[in-house]
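What follows is a single structure, written as structure tokens, with notes after it.
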Amino acid sequence: MVFVPSYNDEALEGAARGNASQGQVAPFGTWWADYAETSAQWIEQGGPSGGEGAAFDFAVLHVRPPDSSGATSLQETIGQAAPVWFDAPSATRIPAIKAWGYPAASPFDGERMFSCQDRPGRLSVNADQPTLYRIGCTMTGGSSGGGWFAQNTDGALALVSNTSIGPADNTWLAGPRLGAEAQRVYGAVSDRFSSGGK
Numbered sequence: 088m089v090f091v092p093s094y095n096d097e098a099l100e101g102a103a104r105g106n107a108s109q110g111q112v113a114p115f116g117t118w119w120a121d122y123a124e125t126s127a128q129w130i131e132q133g134g135p136s137g138g139e140g141a142a143f144d145f146a147v148l149h150v151r152p153p154d155s156s157g158a159t160s161l162q163e164t165i166g167q168a169a170p171v172w173f174d175a176p177s178a179t180r181i182p183a184i185k186a187w188g189y190p191a192a193s194p195f196d197g198e199r200m201f202s203c204q205d206r207p208g209r210l211s212v213n214a215d216q217p218t219l220y221r222i223g224c225t226m227t228g229g230s231s232g233g234g235w236f237a238q239n240t241d242g243a244l245a246l247v248s249n250t251s252i253g254p255a256d257n258t259w260l261a262g263p264r265l266g267a268e269a270q271r272v273y274g275a276v277s278d279r280f281s282s283g284g285k
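Next comes the structure, spelled out in structure tokens:
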């Protein structure tokens, strides 16, 4: 699995993208994931469709710098990182959430980033699990995993969710509220790769 920061940021299409330089389509290089961790709930319940386990559908990946980049970290290379807002307010107390993704199912091709912004609602898939954030959005399959951001109490954008599920008619998307379990997973990966870890 790879992460390509600012992939095709110029939104080049067709031949223009095919003839583009590495710097145009992957200006910060290709960062391979060398470790991933997710929630126990997603491992036990998650599946390719249906929404089971969606309240815990998130993962944290550790990536390594491109071999020739000389970079020390992704954050240092890009120059910034959005904070994760663990236990962000419920949907009724957030005025807007913006979801980003690379939808790949028609009419999209997975090669350009799109976004949707909406006042969030709530979606319950399982009465025994936390509710999900839900927004109106026409992004299709392929956008899964894309980040959802909202303004935190300081006014800065912070990660609050990621795309997990949506209906066949592509009218909305839903994602988990990143709470205590997401913070545990994040902490476990951070600890593993902190100095002295690994």
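Each residue of the sequence shown is one higher than the last, beginning at 88 in our numbering. Think of the CB as a built atom: it goes at the ideal place given N, C-alpha and C, for glycine as much as any other residue.
- Assigned with DSSP and collapsed to three states, valine 276 falls in helix.
- When secondary structure is reduced to three states using DSSP, glutamine 216 falls in the coil class, being assigned neither helix nor strand.
- Contact between arginine 221 and glycine 232 fails: their C-beta atoms lie close to 17 Å from each other, not under 8 Å.
- For glutamine 162, the uninterrupted alpha helix (DSSP H) run begins and ends at 161-165, by DSSP.
- Three or more Cβ pairs drawn from the segment 196-214 and the segment 171-183 lie within less than 8 Å of each other, which places the two stretches in contact.
- Sorting Asn106, Gly110, Ala103 and Phe115 by C-alpha distance to the C-alpha of phenylalanine 90 places Phe115 at the top.
- C-alpha of glycine 138 to C-alpha of alanine 245: approximately 25 Å in a straight line.
- Taking 8 Å as the upper bound for CB-CB distance, alanine 142 and proline 254 are not in contact here, some 17 Å apart.
- Excluding its 5 nearest sequence neighbours in each direction, serine 93 has C-beta neighbours in its own chain below 7 Å: Pro114 and Phe115, listed in chain order.
- Per DSSP, arginine 104 is one residue of the alpha helix (DSSP H) stretching across 101-105.
- A Cβ-Cβ contact shorter than 9 Å links glycine 234 with alanine 169.
- Shown here, threonine 240 sits in coil according to DSSP, grouped into three states, outside any helix or strand.
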